[in-house]
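Below you'll find the structure, written out as structure tokens, and then a few comments.
Number of protein chains: 2
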Amino acid sequence: MQNQNDLETRATESDNQELKLWLRLLTCSNLIENRIRSYLRIEFETTLPRFDLMAQLAQEPKGMKMGDLSERLMVSNGNITAITSQLEKEDLIVRIVNKDDRRSTFIKLTPKGKRQYTKMAKAQGKWLEQMFDGLSPTSSRSLYKSLADLKKRILLNDEQ
Amino acid sequence: MQNQNDLETRATESDNQELKLWLRLLTCSNLIENRIRSYLRIEFETTLPRFDLMAQLAQEPKGMKMGDLSERLMVSNGNITAITSQLEKEDLIVRIVNKDDRRSTFIKLTPKGKRQYTKMAKAQGKWLEQMFDGLSPTSSRSLYKSLADLKKRILLNDEQ
DNA sequence: TATTGTTATACTCTATAACTATA
DNA sequence: TATAGTTATAGAGTATAACAATA
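In order, the protein sequence lines correspond to chains Z and D.
Residue 27 in this note's numbering sits at position 27 of the first sequence, with consecutive numbering throughout.
Residue 26 in this note's numbering sits at position 26 of the second sequence, with consecutive numbering throughout.
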């Protein structure tokens, strides 16, 4: 654990606070993300983007438009089409024509998809619990709040 | 800015604090990362992994072993070989045989690579400054510290 | 035998641009 | 004309496993 060498090793004392913050943020994020990707592959033979898409749908029982998914997942339209087609082939989601506007398509989880997602979400909860085990609730809350500030900042600064 | 829909939209009140924290962390990280990738592509015709590799080398004027780079960047050995070959083809880095152990290879920045990296690092500093502009130093420090706790936790929990 | 890096392979994600159909 | 999604294309990154050279 001491002498852990990672992305942050690149930063020196004299570097900007912004750079240090970013490298640490990225290191944490990568650590967690790599583990989750690995677990998803090993335990469920799936990938993070597929899981993320299903997670969004799980929140919207009536389904979502593909364009909205593209926005939420911050990826391109063509990308959503590709992942949707994969999941549909495995009967985890279905496409539904939107009768009000025949250009757009709704997609939603199938019963099989729901069952599958429920299992994965439960597992993800456990993985995270295990990874974060021992982190004080105070620390966790404070982090959660500070990240909200950061996020707001980034989005605001992007609008100009 | 209000009604921003993103990865976090998936989390509900009743979800675990761990999940919420993770989604927010990932959202922030993705926001920043996507912008940096985009800037690197547009302004320098390069990619984040290539930039990250050069950033590590910039810290070690005598060069680094490829295996150590693999560890620091948290990617596979074959991956380092691939990126190294690309950068070497563009004269940004060179491979150097290690005379003490002829199995291993050192790589380091060329003068051209150093110049290129300096420019990119300066630009990255500006991008980050702009993205984080308005974030209070207190908030930034607190975030930096909390992330250290989180990182330590993850690494400790992984050792068992 | 173990380690370092290479090679070959394969797969996923990703964006872009041209396209179709609908509005 | 504009919009939603599809298709075709291309490219990057990634891991894995078999391999060669060296220790």
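Glycine residues also receive a C-beta, built at the ideal position from the N, C-alpha and C atoms.
Determine the direct distance from the alpha carbon of residue j to that of residue i, and round the result to whole angstroms.
i	j	result
Ser14/D	Leu128/Z	16 Å
Leu155/Z	Asp149/D	26 Å
Gly78/Z	Leu69/Z	11 Å
Ala11/Z	Ala58/D	10 Å
Leu31/Z	Ser38/Z	11 Å
Thr105/D	Asp91/D	17 Å
Asn34/D	Gln4/D	17 Å
Gly63/Z	Ile107/Z	5 Å
Val94/D	Met66/D	12 Å
Thr159/D	Asp100/Z	The sequence given here has Glu at residue 159/D, not Thr. Taking the straight line joining both Cα atoms gives about 55 Å.
Does any CB atom of chain Z fall closer than 8 Å to the CB of residue i?
i	result
Asn79/D	no
Arg50/D	no
Asn98/D	no
Glu162/D	The structure shown does not extend to residue 162/D, since chain D spans only 1 to 160, so no value can be given for it.
Gln116/D	no
Leu92/D	no
Met74/D	yes
Gln59/D	yes
Met1/D	Legend: pLDDT at Met1/D = 36, less than 50; position of this residue unreliable, no value from coordinates given.
Leu135/D	yes
Met131/D	yes
Leu7/D	yes
So, is the C-beta of residue i closer than 8 Å to a C-beta in chain D?
i	result
Gln4/Z	yes
Ala55/Z	yes
Thr46/Z	no
Ile32/Z	yes
What residue range does the alpha helix (DSSP H) around residue i cover?
i	result
Lys108/D	Counting along the chain, Lys108/D falls outside any alpha helix (DSSP H), though it belongs to the beta strand (DSSP E) covering 105 to 109.
Pro61/Z	No alpha helix (DSSP H) holds Pro61/Z; DSSP gives it neither H nor E.
Asp68/D	66 to 72
Ser146/D	137 to 159
Arg41/D	17 to 44
Glu88/D	77 to 89
Mark residue i as exposed unless 16 or more other C-beta atoms lie within 10 angstroms of its C-beta, in which case mark it buried.
i	result
Glu8/D	buried
Asp52/D	buried
Asp6/D	buried
Thr84/D	buried
Met151/D	The sequence given here places Lys at residue 151/D; Met does not occur at that position. Looking at its Cβ environment, which holds 16 or more other Cβ atoms inside 10 Å, Lys151/D is buried.
Lys126/D	exposed
Lys20/D	buried
Glu18/D	buried
Ala82/Z	exposed
Between which two residues does the beta strand (DSSP E) holding residue i run?
i	result
Arg95/Z	93 to 97
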